[in-house]
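Some notes on the structure that comes next.
Given below as structure tokens:
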């Protein structure tokens, strides 16, 4: 009798497990690709970032030429003039400016240099410690002075912030961001309607803006700055003044 053969069964070969070296190589390649992707995402810059980088390089040929042309135009205009658009849109937006109703920008010109004591013929009648006429330095910065002048001229608006735009041998130019607190767009915006409170009237005259706080020495952080109130100079004077009662 002939033997009948059954169906031919072909067994599948068992897959080989990847070695540890292969797994490490694959993991390394995945990490490298993810790093390259993250690097591409982080190096992608927006338009304002490019504008900020241009303003950082003020000695470049481009900025040198543009600054000279602009400062010539600024000299022909009044000391306080309204501008339609911010010269530095990236800086203005970082400081709170929005291109919407209720926000205005004024350019203010401040004379450079120190202050001379306003006395007739340079004669100071008093003690020798007060005899100085020249070489006197004002305690506040030029930017704070620009905010003060803009706030005085435009009493119906409130100063939000300011930034430097240009300078020449005689003047420094700043753009001051002001807000109309009576405008309904400002009053209905929860991000800026805090300035509508009456306690913020003429905040630039009381050292409450960023420039004013910097002159008062209040921009530091941490436990070393807890006692620098109301200002760094006032704190020093309080700690170094001997005060005695008349009857003791």
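In this note's numbering, the protein residues as written are -16 to 231. Glycine included, every Cβ here is placed at the ideal spot set by N, Cα and C.
- Around the C-beta of residue 187, 16 or more other C-beta atoms lie within 10 Å, and the residue is accordingly described as buried.
- Of all C-beta pairs linking the stretch 177 to 185 to the stretch 112 to 120, fewer than three are shorter than 8 Å, placing the two stretches out of contact.
- Looking at 55, 146, 30, 164, the one whose alpha-carbon comes closest to that of residue 78 is 146.
- In the three-state DSSP reduction, residue 141 falls in the strand class (E or B).
- Judged by beta-carbon spacing, residue 221 lies beyond the 7 Å limit of residue 200, meaning their Cβ atoms are not closer than that value.
- Of the residues assessed, residue 69 falls on the buried side of the cut-off, its CB having 16 or more other CB atoms within 10 angstroms.
- Here DSSP, grouped into helix, strand and coil, assigns residue 86 to strand.
- Counting only the Cα atoms, residue 53 lies some 37 Å from residue 204.
- Of the residues assessed, residue 144 falls on the buried side of the cut-off, its CB having 16 or more other CB atoms within 10 angstroms.
- When secondary structure is reduced to three states using DSSP, residue 116 falls in the coil class, being assigned neither helix nor strand.
- Taking a 10 Å sphere around the C-beta of residue 163, we find 16 or more other C-beta atoms and assign the residue as buried.
- DSSP, reduced to helix, strand and coil, places residue 223 outside both helices and strands of the structure shown, so it counts as coil.
- Annotation for residue 63: no alpha helix (DSSP H) segment contains it, though the beta strand (DSSP E) segment containing it runs 63 to 66.
- Here residue 108 carries a coil assignment [DSSP, helix/strand/coil].
- Annotation for residue 97: 119, 120 place their beta carbon closer than 6 Å to its own, counting only its chain and skipping 5 residues before and after.
- For residue 54, no beta strand (DSSP E) run applies; the uninterrupted alpha helix (DSSP H) run containing it begins and ends at 44 to 58, by DSSP.
- Going by C-alpha positions, residue 137 is about 42 Å away from residue 225.
- The secondary-structure analysis by DSSP pairs residue 160 across a beta bridge with 88, 144.
- Residue 182 carries a helical assignment under DSSP once its states are collapsed to helix, strand and coil.
- Residue range 72 to 77 is occupied by the alpha helix (DSSP H) that includes residue 72.
- If you ignore the 5 residues before and after residue 133, its C-beta comes within less than 7 Å of the C-beta of 63, 89, 91, 142, 159, 161, all in its own chain and listed in chain order.
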